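Comments concern the structure below.
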Amino acid sequence: MAEPLRVIDFGVSSPLRSQTLWHAVAYGVSAGAPATLSFVRPAAPYVCLGYHRNMDEVDTDYCRANGLPVFRRMVGGGPVYLDSNQLFFQICVRVESLPPGRHQAMRTLLEPAVAAFRALGVPAALDAGGEICVEGKKICGHGAGQIEDAVIVCGNLIEQFDHERAARVLAMAEATQREETLALMRRFVGSTPVDPGAFRSTMTASYRDALSLGGREEEGALTGLEHEALVELDERFTSRPWLDGPRPPSVGSVAPRVRQVKVRAGVCTFAVEGHGALVTAGVVDGVLERVHLFDGALNGSRQRAEHALVGVPVNDAARVLSGFGDPGRRLAALLASLEPARL
Amino acid sequence: MAEKSVVVVGGFALALDRRYQAETHMWVLELGGRHVRIGMDPLGIETSGSLAQLSLEPVRAQLVADRPFGQLEAAKFVGPLVSPVTGTVLAVNHAVIANADVLERDPYGEGWLIEAALGDGSAGLEDLLSDPAELTAWFAAKIAGYRLRGVIAE
């Protein structure tokens with residue numbers, strides 16, 4: 000008979016432990032512990048960076064001044080603001096139990112969460128971008144990673160979302176980008192204030208049934224190996240090399256300077272500045288929304304250029320700008336610095 | 000790479016001038032002596048999803064066959080890049096670290112990941128596929144399997 004689903008409710012934990020506990024579970028599952036669904040709620044707010052992201056995406060001065068620790072997780076995605084109004088869940092299985100493609104693996108591990116939301120009366124759906132949404136609003140942040148031979152997907156029940164703080168903790172030099180980011184967060188990130196106890200039990204039933212885990216679940220606790228991993232993770236996650244991350248830091252002094260902020264799949268803002276010119280914009284499904292331009296030589300045509308760009312696909316923006324003479328071509332050249340994968 | 004060394008199997012390019020680790024889709028190109036270049040084939044890239052970022056072990060790091068030498072992130076999923084050989088990292092392709100699109104655009108050329116000096120002995124090379132007929136059959140079977148399971152589009 001298949002092993003039952005192990006369920007661990009860690010309750011309320013410190014910000015650090017709200018990350019390291021479930022990373023420890025991944026090491027345990029990799030070493031032979033059963034597939035595990037876990038829950039944890041952070042006792043205090045903090046900021047968490049995706050594995051590959053640079054610390055300069057976070058306004059560390061603001062975080063320090065406001066007592067917000069910053070940690071780096073071993074799963075993907077961008078920097079996020081987390082607090083006690085979010086109940087985290089994590090599903091962790093052995094890698095060989097999943098389909099070979101990452102897209103399918105993610106769907107396999109996210110669809111039971113969607114089913115649980117629906118069972119609770121929330122009309123959630125997994126959209127084409129892989130986000131759990133209700134009518135276009137992301138209601139559950141998620142990230143995934145393979146840790147040794149285990150795959151873990153983490154997500155959250157957002158009971159309330161502090162849009163202002165979520166935007167404020169991000170490093171953005173341009174006020175127009177910050178305003179646009181906050182506006183898009185309000186539009187595209189929402190909360191689902193369902194009963195957390197019902198959420199836990201419904202999620203448990205949904206994952207147990209979907210993953211064919213013998214139709215059973217068992218309340219569990221960390222194994223000895225997981226406790227050892229937890230001690231190591233607590234140390235690692237607070238060490239300078241880990242916080243600095245695996246990628247070289249951004250080179251901020253080289254023009255153009257680019258800052259891209261993803262709000263949800265398909266929704267982002269960007270600011271690109273260089274050689275005395277600046278473009279900031281919000282992008283929804285690849286199309287420019289509000290656009291702000293600055294180039295000293297644009298003179299009276301700035302507003303006309305900004306209006307001309309609204310509704311234009313980002314990929315086509317350079318062509319539109321090139322119709323505005325030398326300043327337009329300078330601004331168009333800046334757009335070539337954007338990372339397409341983060342639009 | 001000579002044009003004739005690349006064939007198209009089921010819509011995916013397959014370079015026949017190198018060896019492959021069948022499960023991970025990593026390729027190894029022998030550059031002479033015990034110097035090799037390592038990358039990922041287009042099928043491995045396709046099944047990873049839209050690449051976002053990657054990180055690689057630095058120069059002088061030790062490679063162990065079947066152990067990670069870096070991490071690849073696609074659609075918020077971070078997973079290991081698994082080394083097909085044992086050796087020492089000689090060079091890292093900073094172009095793919097700066098822009099993962101390079102890997103998707105030219106997986107057998109500019110999208111290489113690392114160069115390495117092989118360790119003593121076979122260093123894992125003998126476990127890799129290299130015979131052109133065997134490679135073509137392996138690639139075709141993988142594509143068919145992925146299509147059957149909906150991992151890649153028809």
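If you're matching them up, the sequences are chains Y and H in order. When you line the first sequence up against numbering that gives the first Met the number 0, it's residues 0 to 342, in that order. When you line the second sequence up against numbering that gives the first Met the number 0, it's residues 0 to 153, in that order. Positions of the beta carbon are idealized from the N, C-alpha and C atoms, including for glycine. Predicted model only: the values in this text are computed from it and were never measured.
Our contact map puts residue i next to residue j with C-beta atoms below 8 Å; I'd like the distance itself, whole angstroms only.
{"i": "Ser49(H)", "j": "Ala12(H)", "result": "Between Ala12(H) and Ser49(H) the Cβ distance is about 19 Å, and since that is not below 8 Å, they are no contact."}
{"i": "Ala172(Y)", "j": "Ala64(Y)", "result": "About 18 Å separates the two Cβ atoms, so there is no contact after all."}
{"i": "Pro83(H)", "j": "Thr46(H)", "result": "No, Pro83(H) and Thr46(H) are not in contact; Cβ-Cβ is about 17 Å, not under 8 Å."}
{"i": "Pro3(Y)", "j": "Val46(Y)", "result": "In fact, because the Cβ distance is near 36 Å, the residues do not count as touching under 8 Å."}
{"i": "Arg72(Y)", "j": "Ala32(Y)", "result": "Between Ala32(Y) and Arg72(Y) the Cβ distance is about 20 Å, and since that is not below 8 Å, they are no contact."}
{"i": "Ile96(H)", "j": "Ser54(H)", "result": "7 Å"}
{"i": "Thr87(H)", "j": "Ala116(H)", "result": "5 Å"}
Tell me which residue opens and which closes the beta strand (DSSP E) that residue i is part of.
{"i": "Trp111(H)", "result": "That residue, Trp111(H), is in no beta strand (DSSP E); it is neither H nor E in DSSP."}
{"i": "Ile151(H)", "result": "That residue, Ile151(H), is in no beta strand (DSSP E); it is neither H nor E in DSSP."}
{"i": "Arg199(Y)", "result": "Not the beta strand (DSSP E): Arg199(Y) falls in the alpha helix (DSSP H), residues 195-209."}
{"i": "Arg93(Y)", "result": "85-93"}
{"i": "Asp126(H)", "result": "Note, Asp126(H): premise wrong, no beta strand (DSSP E); not H, not E."}
{"i": "Gly281(Y)", "result": "276-283"}
{"i": "Pro111(Y)", "result": "Here Pro111(Y) belongs to no beta strand (DSSP E); instead the alpha helix (DSSP H) covers 101-118."}
{"i": "Gln159(Y)", "result": "First-last for Gln159(Y): undefined, no H or E at that position."}
{"i": "Pro41(Y)", "result": "35-41"}
{"i": "Arg71(Y)", "result": "69-71"}
Is there at least one Cβ from chain H nearer than 7 Å to residue i's Cβ?
{"i": "Ala25(Y)", "result": "no"}
{"i": "Val74(Y)", "result": "yes"}
{"i": "Arg246(Y)", "result": "yes"}
{"i": "Gln145(Y)", "result": "yes"}
{"i": "Gln103(Y)", "result": "yes"}
{"i": "Gly324(Y)", "result": "no"}
{"i": "Pro122(Y)", "result": "no"}
{"i": "Pro312(Y)", "result": "no"}
{"i": "Cys295(Y)", "result": "Per the sequence shown, residue 295(Y) should be read as Gly rather than Cys. No, because no Cβ of chain H sits closer than 7 Å to the Cβ of Gly295(Y)."}
{"i": "Gly214(Y)", "result": "no"}
{"i": "Ser129(Y)", "result": "Ser is not the amino acid found at residue 129(Y); the sequence shown has Gly there. Yes, because at least one Cβ of chain H sits closer than 7 Å to the Cβ of Gly129(Y)."}
{"i": "Gly154(Y)", "result": "no"}
{"i": "Pro78(Y)", "result": "no"}
{"i": "Pro240(Y)", "result": "no"}
{"i": "Pro111(Y)", "result": "no"}
{"i": "Gly100(Y)", "result": "yes"}
Going along chain H in order, which residues have a C-beta closer than 8 Å to the C-beta of residue i?
{"i": "Gln89(Y)", "result": "By Cβ distance, chain H contributes nothing, its closest Cβ being about 14 Å from Gln89(Y), past 8 Å."}
{"i": "Pro255(Y)", "result": "Per Cβ cutoff of 8 Å: no residues; Pro255(Y) is ~14 Å from chain H at best."}
{"i": "Gly285(Y)", "result": "Residues of chain H passing the Cβ test: none, with the nearest at roughly 13 Å."}
Answer yes or no: does any C-beta atom of chain Y fall closer than 7 Å to that of residue i?
{"i": "Glu2(H)", "result": "Because Glu2(H) sits at a pLDDT of 48, beneath the cut-off of 50, its placement in the model cannot be relied upon, and the point is left open."}
{"i": "Val58(H)", "result": "no"}
{"i": "Thr46(H)", "result": "yes"}
{"i": "Ser54(H)", "result": "yes"}
{"i": "Glu72(H)", "result": "yes"}
{"i": "Met25(H)", "result": "no"}
{"i": "Ala143(H)", "result": "no"}
What residue range does the alpha helix (DSSP H) around residue i cover?
{"i": "Asp243(Y)", "result": "239-243"}
{"i": "Val260(Y)", "result": "It is not in any alpha helix (DSSP H) - Val260(Y) instead sits in the beta strand (DSSP E) that spans 256-263."}
{"i": "Gln18(Y)", "result": "16-29"}
{"i": "Ser47(H)", "result": "41-47"}
{"i": "Arg303(Y)", "result": "301-308"}
{"i": "Glu103(H)", "result": "100-104"}
{"i": "Met184(Y)", "result": "174-187"}
List the residues of chain H whose Cβ lies closer than 7 Å to the Cβ of residue i, in chain order.
{"i": "His141(Y)", "result": "Lys75"}
{"i": "Gly265(Y)", "result": "Ordered by position in chain H, no residue passes the 7 Å Cβ test against Gly265(Y), which lies about 12 Å from the chain."}
{"i": "Tyr50(Y)", "result": "Gln70, Glu72, Val77"}
Starting from the beta carbon of residue i, find every residue of chain A whose beta carbon is closer than 9 Å, and list them in chain order.
{"i": "Asp119(H)", "result": "In the displayed structure, chain A is absent; the protein chains listed are Y and H."}
So which residues of chain Y does residue i contact, with C-beta pairs closer than 8 Å?
{"i": "Pro79(H)", "result": "Gln145"}
{"i": "Tyr19(H)", "result": "By Cβ distance, chain Y contributes nothing, its closest Cβ being about 16 Å from Tyr19(H), past 8 Å."}
Strictly below 7 Å CB to CB, what residues from chain Y border residue i?
{"i": "Gly149(H)", "result": "Gln103"}
{"i": "Tyr107(H)", "result": "The premise fails here: Tyr107(H) is roughly 21 Å from chain Y at the closest Cβ pair, so nothing lies under 7 Å."}
Taking 6 Å as the cut-off, is the C-beta of residue i nearer than that to any heavy atom in the ligand HEM?
{"i": "His274(Y)", "result": "Among the components modelled here there is no ligand, and therefore nothing to report on the ligand HEM."}
Notebook entry, point to check: Is the number of C-beta pairs between the segment 321-335 of chain Y and the segment 207-216 of chain Y that are closer than 8 Å three or more?
Noted result: Touching, no, given that fewer than three Cβ pairs across the two stretches are closer than 8 Å.
Next item on the list: Could you tell me whether the segment 86-98 of chain Y touches the segment 225-234 of chain Y, where touching means 3 or more Cβ pairs closer than 8 Å?
Entry: No, the segment 86-98 of chain Y is not in contact with the segment 225-234 of chain Y.
Check: Per the contact definition of three or more C-beta pairs closer than 8 Å, is the segment 276-287 of chain Y in contact with the segment 313-322 of chain Y?
Finding: With the cut-off at 8 Å, the segment 313-322 of chain Y and the segment 276-287 of chain Y touch.
Notebook entry, point to check: Any contact of the segment 102-118 of chain H with the segment 24-39 of chain H, i.e. 3+ C-beta pairs under 8 Å?
Noted result: Three or more beta-carbon pairs separated by less than 8 Å link the segment 102-118 of chain H to the segment 24-39 of chain H, which places the two stretches in contact.
Checklist line | the segment 111-125 of chain Y / the segment 192-207 of chain Y touching (three or more Cβ pairs under 8 Å) | finding: Under the Cβ criterion (8 Å, minimum of three pairs), the segment 111-125 of chain Y counts as touching the segment 192-207 of chain Y.
Notebook entry, point to check: Between the segment 130-141 of chain Y and the segment 237-244 of chain Y, are three or more C-beta pairs nearer than 8 Å?
Noted result: With a cut-off of 8 Å, the segment 237-244 of chain Y and the segment 130-141 of chain Y do not count as touching, because too few Cβ pairs lie within range.
Checklist line | Touch test, the segment 177-195 of chain Y against the segment 49-66 of chain Y, Cβ-Cβ under 8 Å, three pairs minimum | finding: Verdict: no, contact absent.
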